[in-house]
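Novice:
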Amino acid sequence: MPLSDEVGHPYQTLARSIIRDIDHQVLSPGDKLPSVRDLAKTAGTTIATTQRALALLASEGYVKTVPGLGSFVLERVADDFDSKPLVDQVRQLHKDLAAIRERLAALESVHAVDPSATR
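Counting from 1, position 99 in the sequence shown corresponds to residue 99 in the UniProt record's numbering; the numbering is continuous, with no gaps.
This is the structure in structure tokens:
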């Protein structure tokens, strides 16, 4: 479930709080987050709510949870990549690929080589 800017469930509020800490460099790539239990206590949420927030953060690419070790902040890709929804990015890639194919076909027709001439 994508994270919205609207006021929502407590797990979304907790996730947004952690994202703010990442965006403001309070948390850096590679940093280990507090344990689920400690996060829940600090945020005043249940362990289940905290686990759901971490799952959301993982699905959005903010953290990686390693069983038995904890959750770690991930390096984020450039904002320009994240600014468009994935569907729009895929559509643009399809358009770019079609344009490349057209250019390649045009180049091949101009520089056509007779296969029998290379023997």
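Where is the CB? At the ideal position from N, CA and C, for every residue including glycine.
Taking 8 Å as the threshold, find out whether the segment 96 to 109 comes into contact with the segment 55 to 69 through three or more Cβ pairs.
Specialist: Flag = no, the segment 96 to 109 and the segment 55 to 69 do not touch.
Novice: For the UniProt domain "HTH gntR-type" (8 to 76), list the alpha helix (DSSP H) runs that are entirely contained and at least 4 residues long, ordered along the chain.
Specialist: 10 to 23, 36 to 43, 47 to 59
Novice: Between which two residues does the alpha helix (DSSP H) harbouring A99 extend?
Specialist: 86 to 110
Novice: Please say whether L14 and T50 have beta carbons closer to each other than 8 Å?
Specialist: yes
Novice: Within 10 Å of its beta-carbon, does Q12 have 16 or more other beta-carbons around it, so buried, or fewer, so exposed?
Specialist: buried
Novice: Can you list, in chain order, the residues of its chain whose CB lies under 8 Å from that of L33, leaving out five sequence neighbours each side?
Specialist: I18, L27, L39, L54, V63, G70, S71, F72, V73
Novice: Restricting to Cα atoms, I'd like to know which of H111, I47, R76 is closest to H24.
Specialist: R76
Novice: Rounded to a whole number of angstroms, what is the C-alpha to C-alpha distance between A98 and D31?
Specialist: 42 Å
Novice: Nearest to V66 by alpha carbon, out of R20, D21, S109, V36?
Specialist: V36
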